[in-house]
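Trainee:
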Ligand SMILES: [Zn+2]
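Numbering (my numbering), first residue to last: 1 to 194.
(1) So residue 49 packs on residue 57, CB below 8 Å; how close in whole Å?
(2) Would the C-beta of residue 20 count as close to ligand 1, meaning under 8 Å from any of its heavy atoms?
(3) What's the gap between the Cα of residue 9 and the Cα of residue 115?
(4) Which one of 132, 146, 61 has the shortest CA to CA distance from residue 203?
(5) With distance defined between alpha-carbon atoms, name the residue in 36, 43, 46, 47 nearest to residue 53.
(6) Spell out a yes or no on whether the stretch 63-80 and the stretch 122-137 are touching, meaning 3 or more CB-CB pairs, one atom from each, closer than 8 Å.
(7) Hey, quick one: how far does the alpha helix (DSSP H) through residue 17 stretch, first residue to last?
(8) So who's on the other strand from residue 50, going by DSSP bridges?
(9) Under the three-state reduction of DSSP, which class applies to residue 109: helix, strand or coil?
(10) Taking the C-alpha atoms as reference points, what is the distance between residue 169 and residue 178?
(11) Evaluate residue 194 with the Cβ neighbour count: other Cβ atoms within 10 Å of its Cβ, from every protein chain shown; 16 or more gives buried, anything less gives exposed.
(12) Grab the span of the alpha helix (DSSP H) containing residue 66 for me, first residue to last.
(13) Between which two residues does the alpha helix (DSSP H) carrying residue 132 extend?
(14) Could you give the distance in angstroms between the alpha-carbon of residue 163 and the alpha-carbon of residue 145?
(15) Can we count residue 30 as close to ligand 1, meaning its CB is less than 8 Å from some heavy atom?
(16) Please name the residue, chosen from 82, 127, 140, 117, that lies closest to residue 65 on a Cα-to-Cα basis.
Structural data, given as structure tokens:
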């Protein structure tokens, strides 16, 4: 039988030699390939998996789609023979991730939650153009806010400064005349009692 012949070949010394050499060659080549730059949970060192195009391995975002599909769930190819099983597995995984996320959100402090919400706003998934539009909106809103907060304050504050200067000058003059009056009074007092 064919499978028997295959098994005999796989157990032969020659097959083992060929396999060992192939693995050695691959390991030597693997050393030279770019690695994922993410920090691994186990010890905080850089991940040693092979990096994909974007510099991350498939565990650390290497398969995150680009462009219009950025951050969106990717569904299995419907024409694949095991498409249904893949879809079910994917749905299960999404549900598991959703539950874990809900747990993580519930355990967050208000500050952490605020940071999370902020990032969710700036890193929303979807088409690049849509994200760029939202980014522009945020920028414009920030500019408008900034211009409302510091509107025509300079003229106002310049006016105020001028008024304050005048008030200070008037107070100084008042003090000056008060002093003169006091001196005059003192002279008169001495005149009466001296
Ligand atoms: Zn990695």
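Quick reminder that beta carbons are idealized off the backbone N, C-alpha and C, glycines included.
Mentor: Working from what's here:
(1) Rounded to the nearest angstrom, the Cβ distance from residue 49 to residue 57 is 3 Å, consistent with a contact under 8 Å.
(2) Residue 20: no, Cβ never under 8 Å from ligand 1.
(3) So the two alpha carbons sit approximately 59 Å from each other.
(4) Because the chain in this structure spans residues 1 to 194, residue 203 falls outside the shown range and cannot be described.
(5) Of 36, 43, 46, 47, the residue nearest in Cα terms is 36.
(6) Verdict: yes, contact present.
(7) Run containing residue 17: 13-32, per the alpha helix (DSSP H) assignment.
(8) For residue 50, which the question treats as bridged, DSSP gives the partners 35.
(9) Here residue 109 sits in coil by DSSP.
(10) Linking residue 169 to residue 178 through their CA atoms gives a straight-line distance of about 14 Å.
(11) Because residue 194 carries a pLDDT of 46, less than 50, the predicted location of this residue cannot be relied on, and no value is offered for it.
(12) First-last for residue 66: undefined, no H or E at that position.
(13) Boundaries of the alpha helix (DSSP H) harbouring residue 132: 128-149, taken from the DSSP string.
(14) Approximately 29 Å, taken between the alpha carbons.
(15) No, the Cβ of residue 30 stays beyond 8 Å of every heavy atom of ligand 1.
(16) Comparing Cα-Cα distances from residue 65 to each of 82, 127, 140, 117, the minimum goes to 127.
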